[in-house]
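Colleague: First, the structure itself, so that you have it in front of you.
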Amino acid sequence: MSFDQPALFAASAEPAAASFTPEDFPFFHGAAAMAETGVIDPSWVSTLLPLDHTLRTLARRLSERSLTGEQILPEPRLMLRACSCPFSG
């Protein structure tokens, strides 16, 4: 069996990566806002609150990378999904 046959159809180009703004990342808005909107369980707020500045910086950097065409996974709304469960620490 030979695999050196011409393609039956032209393959489409890969879809362009999504571009995100910093505001698309829930953690850009801070721990309290994430708890209020149900992104994280409220028990995470005291743990994540000191990291608000770091998380905003991360959102800006990920946004910049997405604007250059880099694919960012998972989608921003899913990045902290583990924090939707109560904090047990």
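Count along the sequence shown from 1, then add 40; that gives the number in the working numbering. Just so you know, even glycine gets a beta-carbon here, dropped at the ideal spot from N, CA and C.
(1) Within 10 angstroms of its Cβ, does Ala99 collect 16 or more other Cβ (buried), or is it exposed?
(2) Just to check my reading of the structure: Met119 and Phe65 have Cβ atoms closer than 8 Å, yes? What is that Cβ distance to the nearest angstrom?
(3) Use the C-beta contact count for Leu89: other C-beta atoms within 10 angstroms, 16 or more gives buried, fewer gives exposed.
(4) Pick out the complete alpha helix (DSSP H) segments inside the stretch 71–120, 4 residues or longer, and give them in chain order.
(5) Whose C-beta lies closer than 6 Å to the C-beta of Met74 among residues of the same chain, with five residues either side of it excluded?
Modeller: By the coordinates alone:
(1) Counting Cβ neighbours within 10 Å, Ala99 comes out buried, since at least 16 surround it.
(2) Sure, about 7 Å apart at Cβ, within 8 Å.
(3) Here Leu89 is exposed: its Cβ has fewer than 16 other Cβ atoms, across all protein chains shown, within 10 Å.
(4) The stretch 71–120 contains, as complete alpha helix (DSSP H) runs of 4+ residues, the segments 71–76, 85–88 and 92–107 (chain order).
(5) The residues are Pro66 and Ile80.
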